[in-house]
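In this note's numbering, the protein residues as written are 712 to 792.
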Amino acid sequence: MTKKDYVKIAAALAQHAPSGAPEWAKSAGADCQRAMERVWTLCCTNVADVLAADNPRFDRARFYKACGLSQDAACGVEDAS
């Protein structure tokens, strides 16, 4: 895969970030919002794992930033897994 592919994948993930969730999801309550954030974060980190396995020079921090995911959030999920 190329950098162009990684950019497209990150953009697709960023489109579905919980911050861009529909109003019904935002009003569903704090527990629902946290669950959506966790699932989205897990998706981003799992995709990053696959891309890193494909390319040893893969820049995980840059990918997370392109997804709109903070490094702290990503590390929290990776540590909890």
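By construction, the Cβ of each residue, glycine as well, lies at the ideal position given by its N, Cα and C atoms. On a predicted model such as this, the values are computed, not experimentally measured, just so you know.
Ordered along the chain, which non-local residues of its own chain (more than five positions away) have a Cβ less than 7 Å from that of residue i?
i: alanine 728; result: Trp751 and Gly779
i: tyrosine 717; result: Leu762 and Phe774
What's the call for residue i, buried or exposed, on a 16-neighbour Cβ count within 10 Å?
i: alanine 798; result: Nothing about residue 798 can be reported from this structure: the residues present for the chain run from 712 to 792 only.
i: alanine 785; result: buried
i: alanine 721; result: buried
Check the C-beta distance from residue i over to residue j and give it rounded, since I have them as a contact under 8 Å.
i: methionine 712; j: aspartate 783; result: Rounded, the Cβ-Cβ distance is 27 Å, inconsistent with contact.
i: alanine 725; j: alanine 777; result: 7 Å
In angstroms, rounded to a whole number, what distance separates the CA positions of residue i and residue j?
i: asparagine 757; j: glutamine 744; result: 20 Å
i: alanine 741; j: methionine 747; result: 10 Å
i: lysine 714; j: phenylalanine 769; result: 9 Å
i: proline 767; j: cysteine 755; result: 18 Å
Apart from the five residues on each side of it in sequence, which residues of its chain come closer than 8 Å, Cβ to Cβ, to residue i?
i: alanine 772; result: Gln782
i: serine 730; result: Gly779
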